[in-house]
Structures are given as structure tokens and as C-alpha cells.
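J.: Just passing along the structure, written as C-alpha cells.
Residue numbers (mature numbering (1 follows the signal peptide of the UniProt record, and there is no 0)): -20 to -1, 1 to 1120.
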């Protein structure tokens, strides 16, 4: 079935409105419904916009048909229908879409009468709640008498809230009871229909507490004057406090509603009464609410009331009054009088009020209060004065600061930090030298925070203070104030610093200052020039600055000084390397450890390197390479313990093997057991007999009272672990057993007789022994090139792991690769060889011509370092991970030796190299069970059938080879959201017999295109034979010529012969001239002739030019569904077969 082409989709996304389509849609309404439902839920915004466009194009009748497809719970899946209708309801209410809204509302009204299930009725009512207006009222009235949908119907009427909707709710109330009655009362309250007050008031006395509560709030929401006696009486019964029925809250809510409607006098009287009756502490919330009502009504005339409240004994009430008073800017003199007379507890609150209101007239009083002996008053006054007076208050605050304790100093500093004014910094600078030490330190922090570079001389003077607190504060301020111009003043301070914290802040100050130069190379040069002038014993102070700048030159400087310096220099250089800005220093830290195993820095370097690896954002495979490197030089059990703990955090198969080596070491078996366990538990894709053996060994090694829980997890893992074999070693680490020399290529070898091949193999093996050697557990290439090392065994589908390294021999000739099934190649090379295109990185399928040949990204390690490949080959597809990064994603490997042939189904794996020496290690392979390639029966072979898909390659196909892939011998269609690309045969066919098997998933939709061109909609430009899950709910309204096996829109097929979902179906399609026959699972479901359609038109009355074609491609037409095909073969009836 075809999907709607959206010519104006980009415009739709901008304008948000539906546009007419220039492409004629020939599909029937039922097909269009089925097609659009299959696309829900949308996976992204663009797909959602497309879906909404298609739903809207269905019109009112289409929406009704979709709604009628809703089935009761347990009888089908409504999710796609609900996604479609719910999404469309929201869509039509956004922007200017009134026509679409009315269309949707009318459709839901019609559908509501035709849906009987209460769940689905509720769903449709909710849609009317979203889109309905008066046109929906009559339909909703019918449902107010139905207890199961009364509530939703009432809420929908509230949302509509027209006069007719309100009348409907009130009329229904008198005849209702129970839950429905409660829903109607709530709805009437939400609709604010004053006509309902009398009826609802009677229900307040209900014995049902739920009804009482709902009735009270309904009256509150309506907000009619006539409701007050009832609400007031109930609130008074509750003591004007809060209780279960929320009577007090309802009374206050009523007042709020009344006030919003402009009924001030009644609410004012009510609030005054409440104020006099709520004097107890448990009534304070109600008293505050009454106060707020009076302030809102009386405005500035409420000042006496607020003045009284501000001196109340209850602080919550006091603060509430002052908060209300901030709304008015008058009454300052009255408030100042109140401040003088206020109780001690209230003074601070009133001062805070002045600060919030920022009343300039209050500043003199606030400045006076700054001198108050009461600490809480003084502190409040400092903050308030700072807010009100800004820099005008600064002298008083500084004076208070000079004499105050630590609390006053801290408060004053906070006030100054946020103070506005151009004279703040000069005043602070002027006052600073005269302050006591704590206050001086605080003001230095102010200058630093304000980045007051113009006052740097004041700070520099304090940097020489003998008081440690002041000195450090000054140096810290410089960190934020200094600029590049101040560097000459900073250098001496760094050299004079004698406390570690002083050294640190000065190093930061210098770094921040030198950043004024944007070029990092120039930053480095500036620091290096100063280092050159520094005393020998002080040069090391600049290493930390270099570590912050980073870069090769800075790194090399620090490394050189580490190597040549004294103990203090080494210590500083090493610390700088440990704090370097990027991972580049980790290599140098490793080199420190590796270069001198007896050095006092060996242990520090090793641990520092492991720490940097641990925090680096690398894939597990890359971390393992780095950890393996350092494990090779570790000396003590403690060092190996540190490494093994990190290995356990990198859950790969090779990590498991590395950790497993230490299970027999008494000093390390506990940490090794933990690592093995963590790796296996965190990667369920690791399995095989060696994995089982290591886990059992780890359990045996575990000790301690808490290991039983871990052992239980291991046993569970072992029980659930796949039984098939896992990885096996391809290289024993000592010799080339299992490997041989290369003889020609697979095609040439296949043409050799046994004697010729044996002689050639003997010669190749002799060459192999010259070119390939085993050294230190590695296979090393030392030859000139192109004489590959090959496996004795042949492989079909597999997952391969291998570490590889191109040695840096200085010749820049590193170039190697791995041949898969005897075919080049997964590329490996020195990325510095730009002239050869090596800058793209390793891991690509270098020799591909049609399919991608370059990797997705560069993930190579530096020349001379180990890399890791994880290579998966299934069918003709190859996926490659380099150092844990995906670089080749399910790409077809082409047959380099003969492009007309598919990749060989089984062949040897070859290690190739030429140029610089190359090393290989950790070679493991897991053979993936592979179904036997499909073969023709003797009868089919005799009849002349040709295999188009045998489960191992897609060589006979073109088009969408991204969504159509190979999986376990099947052609799996696994499209990405919105994908609908087609897969076609490479050859064209006229008359033929096409046999295949297919497996559906729920709601699957595909098609077999015949005699189709490569462009256009194959259902019309060619002929589409439906491949469809007939029984899916979304397809129940299709036309007969739209179901499985039908020639879409032309000839209908019989239904009822598909196997259950998940089972394989067998289908045969015979096409000869105008005749089409489809046999499904042994039953002829279509036996038709195109002659009538060619003469008088098609059954769907659409234009199908494809019925007049006599040849074309055969294709699988993707419509976004997942399904699978297998055992595809064809007999070309248009060719004369040679007599055998």
C-alpha cells in the first residue's frame, strides 16, 4: 500500500496548515486509513506532521471510519487509532484550523452513536472535549444518563461551556444520583452557572462526605452571592481552620471568585468578620487570607490595618502584612513611625520590608539602624540599607564593618558585592587599608569578585601583608583581577609565595592573565620566557601554568625538565603532568614509568596513568589497550591490583581474558575474581566455554562473608548463558600453527588441481616463514609485502577480535589490512600518509567500488601504539569497530576478484601487510551459526530456476540495501522510522515464475512489485501484489482488492490462507502476458487477467499505467514495516532454456 507523498511538507512545517497536494492520490479511503495508521506512533516531529497531513486529508468520512475501528478491551489493539485521533484532535486546535476542527467535531459526533463500548465512548468524548463546540452538545447530552460515561461527558460540556452546554448540565442534575450526580455538581461548579446554586446548596447537607466536599467547592467556583450563607455556616462549623471537607478553603475560594467578578462590598464585609473571628494561632492562615482580601479591596486605605498587623505577636502574620504592604509606595512616614514604636521582634521585619520596597525616604532610618546594638536589627539594616541606598549607604556599612564581628563583616560583604554605583570600588579601595584584618580580607574578596582591575595596585600592596589571611585574600583577588598587562607584577609574587595555597592562587592568576593572549602558542612562549629569567630553583613554579595552557611545546618543556631536573623539579613537573588539560600527558606519565622501573616515580607514574585512563571518556576497548600497556610494566601486586580494578570496569571479552590470567596468583586472585565477575555480569554478550571456566574459577577463588550473593548472581548468569561456542583463539602465542602462506586468490586457487596447489602452497609457506615471525606473543610482519599470512581454516560468518600495531620504523610506509573470506580488505594504515588518502583512518572496506569504502570516523591510535578491531561478517555484510568506535556499519563487501560474483560464502582470513613492520596479537574468532545457503531442488534446477537470494548475499539486488539486510539466512526488512525505500532485482523480467517465503509481523505491510520501473510508485507505474497482515485491526476496512495477494487496486485475492503471525508462508507468483496467478501456501488465491482492466479500467477506478507494461523489475516495496523473506528464486519464462 502506498504512502502519501508530501510535496509541500517543508511548507507545512513552517506554516502549520494543511496544503493541497499536487500528486494525485489514487488509493481508496480504506487503504489510506490503513497506511496512515501503520505510521503511528510517529518517531519524530517531521513524521508527526506528515501523519497529521494524511489524517486531515481523509476528511470527515475518513475520521468516522477510523473511530468505528475502535474495539472493546481484549478484542484488539486500539493504540494506533488512539494515537491518530488523539494527535489529530490536538493538531486541529493549534493555530488557525477552524475548518479542520469543525470537521473533526462532526466526525466524532457521528462516531459516538456508533461506538457502544464505554472505554471507547470515553475516548471519543475526550476528543469532543478538545475540539467540540455547540455542534457537540446534543451528542453529549445523550451520554449524561450513562453512569459509565457521565463524568467524561460532563467535563466535555464544561470545556464547551456555551449556554446550551450549561443548560444541559443543570437539567441532568435533577435526574442523577451517585457518582454521576457528583460529576455533574463538579461540572456545574467549573462552568460557574449561577442558576445551579440553589440545587447544589441542598447537597451541602449530604451525608456523603465526598458529595459535601464537591458541593462546597462547586458553590465556591460559581461565586454567586446567594451561596455565602451556606459556605459561611460550614466554615464556622470548621472553626475557620482546615479540615476534611475543606469548608474554610471553599469559603475563601468563594470570596476569591466573588472578588474577581467585582463584588467587593460583600467580600470586604466577609473579610472583616473573618479577621475578628480568627485570633487563634491555628487560624492564622485564614486570618492572613482575610487580610489579603481587605488589602486588595481597600488598597492604600488599608494602611492602618497593615501597620497594626506589622506589630502583631505572630511572625507569620506580621511578615504576611509587610509583604502585602510592599505593593504600595506611599505611607513611608507612617512606617517610619511604626519602626520607632515597634516591638524588638518586629523591628527587623519592618527593616527588611523597607529593603524589599527600596524606599529611598527610609534610608536615614536604615543607616541609623545600622548602628543598632541588637545584632538582628543591625544585620537586617545593613542588607536593607545596601538595597535602598546602594553606594550612598556604603560609608555607614564600611564603618559598621570596621567595628563588627564576623557575622557583621560577612553580612556587609554580601551587601557590598551586589551594590550598584561607580564609586563603590573606589570607596572600598580607599577604606580597605584602614580596616582590621578580617574586614580587610573581606573587602579584598569584593574587589576580586568585581574584577576591579583598575584597583590592582591596592590589592598588590595588600599582597605583601604580614597577616596570612589578608595576604591570601589579596593573592586570591589577583586571580580574578589581573590582566596580561599585570604579568610583570605577578611573577615576583609567585616567586615569593611560601605557602602551597598562595602558590596555587598565583599560578591561577598568572594563567588567567596570560589568557589575554588568545594564541596558545604565544601564551606558552610568554611563560617560557619568564621561566628563563627565573632563578633555577623557581622555574618549577611555572609548570602548573603550562599544564593549564596545554599543547605540545608546553608538554615537552615539562617532560624535559622532569628528565633533567633535581628532586624538587621532578616533583613539580610530575604534579603538572598529572593535572594536564588533556589526555596527552598520560602518555608521558607512562613513559616516565616505563623508562626507569627503578625510579622513585615509577609507582606514582603508574598509578597516575591508570587514574587518567579511568577518568578518560574512552570506549571500553580503548581503555583495555591502555591498561594492557601498563600491566606489562607493573611490578608489584599492589600495582597490578589497581590495574585489575580498572580492567573490571571495561566489560569486553579481552578484558575478561586479561583478568582471568591472574586467578591463579594468590596475591591477586581476589581482585581478579571481582574483575572477571564484573565484566561478565555487565556484558551478557560474552559467552563460551572459556567464559564459563573463568567464572567457575572466580567463584572458587572468592573469599569473605558476603560472596554468596555474588556467587548466586554468577550461577544465574551461567544458567542463562547461551550454550553455543564463544570465541576461540586463532593464534597460540608461540608459533604459526593454524596459519599458512598465501597462494594466489580464491578464484585462481579453485582452478588449480591438487598437485599444482600443493606445490604452490609449499612455496608460499617458505615465503611465509621469511615474512612472518612470532615475537613476544605477537605475529610480526617483517617482509616486503603482499605475501599474506592466511588461516588454514575457512570461515563463513564470524565475529573476529584482533589487536594490531604498525611499528614506527621512520619510513612512513605503514599499510596493512585483513582479508575477509579471502577478499580485500579491512584497511589498516598510518594516518600520516595523507598523500595516499590515509587521513580518513583505518577500518574502512578499502577496495569497495560501489558500496562505502571509507570509515565513518578516524579512531586510530598514534603510530606505534596498539589498536583493536572487532569485525563482524554476516552474509555479505561487514561491521567494524576500531578501538570501540563504529567505523563501518553493515556494509556490503564486494568481490574484488570478480565484481560480477557475490562475496565468497566461505574462505580463509588473511593478514596482509606491506611497508613498515606490523604486529598482530589477541586474535580470537567466534563462528556465527549460519544456515546452509539455499539450493534449488533438482526439479527447479532442471526447469531453469535461478536463485535471487540464498541467505548469504544480496548480489542480485539493488536499491535500498540499508533497510533490507541479511539476518540468520533471511532477508530482513528493518526500516528506520518513516523509511519506505524499495529493493529491486538487478535484472528486468517480463514473464516469470517467482517463488519465495515470507514471515509477517503484526500489522506488516509490504508488496511485491512486478514489471515496475525503478522510479515512481510501483503500485501504479508497475503492478503491486500485496504482502499484508490481513487480520490486523488497522486493515479491517480495506477493499477486497487491497488484501494480501491482490493486484493492488486491480484484482482481488481470496482471504484466509495466511499462516499465523511468526510462521513462514510460501508463495508462488506466475506472470505470463496479461495473466497473474498467486498461490499462497498451496492455495490459489488469485488467478486473474489484466485484459479487462486494460480495456475498461481497474477496480479502484484509478490510473494504473503499469498494467500496460510487458516487462520491468521485480521488487519488494517497503512501507515502513518489519518482516522477513527467504529462499527467493525465479524462472524466466521469456528465455529459451538450453537443453541439458
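Glycine included, C-beta positions come from ideal geometry on N, C-alpha and C.
1) Looking at the unbroken alpha helix (DSSP H) that takes in residue 1109, where does it start and where does it end?
2) Output the boundary residues of the beta strand (DSSP E) element that contains residue 685.
3) Compute the Euclidean distance between the alpha carbons of residue 1123 and residue 599, then round it to the nearest angstrom.
4) Does the beta-carbon distance from residue 982 to residue 1100 come in below 7 Å?
5) Using a threshold of 7 Å, state whether the C-beta atoms of residue 13 and residue 45 are closer than that.
6) What does DSSP give as the partner residues of residue 1006 in its beta bridges?
7) In terms of residue numbering, what span does the beta strand (DSSP E) encompassing residue 1144 cover?
8) Could you pull out every unbroken alpha helix (DSSP H) segment of at least 4 residues lying fully inside the stretch 76 to 161, listed in chain order?
9) So, helix, strand or coil for residue 899, using DSSP?
10) Residue 155 to residue 66, Cα distance in whole Å?
11) Provide the residue span of the beta strand (DSSP E) that contains residue 741, from first to last.
12) Where does residue 867 fall in DSSP's three states?
13) With residue 417 as the anchor, note down where its alpha helix (DSSP H) starts and where it stops.
14) So, with DSSP's three-state summary, where would you put residue 261?
15) For the stretch 910 to 918 and the stretch 799 to 810, state whether three or more C-beta atom pairs, one from each stretch, are separated by less than 8 Å.
16) Whole angstroms are fine: how far does the CA of residue 205 sit from the CA of residue 153?
17) My output table needs one value for residue 721: the three-state DSSP class, helix, strand or coil.
18) Identify the residues that DSSP records as bridge partners of residue 758: which are they?
19) Any contact between the stretch 426 to 439 and the stretch 397 to 408? By contact I mean 3 or more CB pairs, one from each, below 8 Å.
20) Who does residue 1024 pair with in a DSSP beta bridge?
21) Does residue 976 come out as helix, strand or coil in the three-state DSSP assignment?
22) Starting from residue 333, trace the beta strand (DSSP E) in both directions and tell me its first and last residue.
23) Using a 10 Å radius around the Cβ and a threshold of 16 neighbouring Cβ atoms, would you call residue 918 buried or exposed?
24) Closest to residue 372 by CA distance: which of 402, 1089, 417, 1016 is it?
25) If you compare alpha carbons, which of 571, 137, 41, 245 is closest to residue 1123?
26) Excluding the five sequence neighbours on either side, which residues of its own chain have a C-beta within less than 6 Å of the C-beta of residue 378, listed in chain order?
27) If we count the other Cβ atoms within 10 Å of its Cβ and call it buried at 16 or more, is residue 715 buried or exposed?
28) Counting only the same chain and skipping the five closest in sequence on each side, list residues whose C-beta sits under 7 Å from that of residue 194.
29) Could you tell me which residues DSSP pairs with residue 992 in its beta bridges?
30) Expressed to the nearest angstrom, what Euclidean distance is found between the alpha-carbon atoms of residue 882 and residue 1013?
31) Please state the DSSP three-state secondary structure of residue 779.
32) Nearest to residue 1087 by alpha carbon, out of 523, 503, 1077?
33) So within the stretch 545 to 572, which uninterrupted alpha helix (DSSP H) runs reach at least 4 residues, ignoring any that extend past its ends?
34) Throw me the rounded Cβ distance for the residue 1021 and residue 1035 pair, which I believe falls under 8 Å.
35) Rounded to whole angstroms, what's the CA-CA distance from residue 1121 to residue 575? Just pull it up for me.
36) Between which two residues does the beta strand (DSSP E) harbouring residue 929 extend?
T.: The answer reads as follows:
1) Looking at the DSSP string, residue 1109 is not in any alpha helix (DSSP H); the run it does join, the beta strand (DSSP E), is 1103 to 1112.
2) Following the DSSP letters along the chain, one finds residue 685 in no beta strand (DSSP E), marked with neither H nor E.
3) As shown, the chain starts at -20 and ends at 1120. That puts residue 1123 outside it, with no answer to give.
4) no
5) Taking 7 Å as the Cβ cut-off, residue 13 and residue 45 qualify as a contacting pair.
6) 987
7) The requested residue 1144 does not occur in the structure, where the chain is confined to residues -20 to 1120.
8) List check, alpha helix (DSSP H) in window: 78 to 94, 98 to 111, 117 to 121, 130 to 140, 143 to 153.
9) Strand at residue 899.
10) In this structure, the straight-line span from the alpha carbon of residue 155 to that of residue 66 is close to 32 Å.
11) No beta strand (DSSP E) contains residue 741, which is instead part of the alpha helix (DSSP H) from 734 to 751.
12) strand
13) 417 to 429
14) helix
15) no
16) Distance from the CA atom of residue 153 to the CA atom of residue 205, rounded to whole angstroms, is 21 Å.
17) strand
18) 755
19) yes
20) Looking at the DSSP assignment, residue 1024 forms no beta bridge with any residue, so it has no partner.
21) The answer is strand: DSSP assigns residue 976 an E or B state.
22) Segment 324 to 337 is the alpha helix (DSSP H) holding residue 333; no beta strand (DSSP E) there.
23) exposed
24) 402
25) The structure shown does not extend to residue 1123, since the chain is modelled only from -20 through 1120, so no value can be given for it.
26) Exclusion of the five residues before and after residue 378 leaves 411 as the residues of its chain whose Cβ lies within less than 6 Å of its Cβ.
27) Within 10 angstroms of the beta-carbon of residue 715 lie fewer than 16 other beta-carbons, which makes it exposed.
28) 162, 165, 166
29) Looking at the DSSP assignment, residue 992 forms a beta bridge with 1093.
30) Rounded to whole angstroms, the separation of the alpha carbons of residue 1013 and residue 882 is 41 Å.
31) strand
32) 1077
33) 547 to 558
34) Going by Cβ atoms, the distance from residue 1021 to residue 1035 rounds to 11 Å, so no, they are not a contact pair.
35) This structure does not reach residue 1121, given that the chain is present from -20 up to 1120, and the question cannot be answered.
36) 926 to 929
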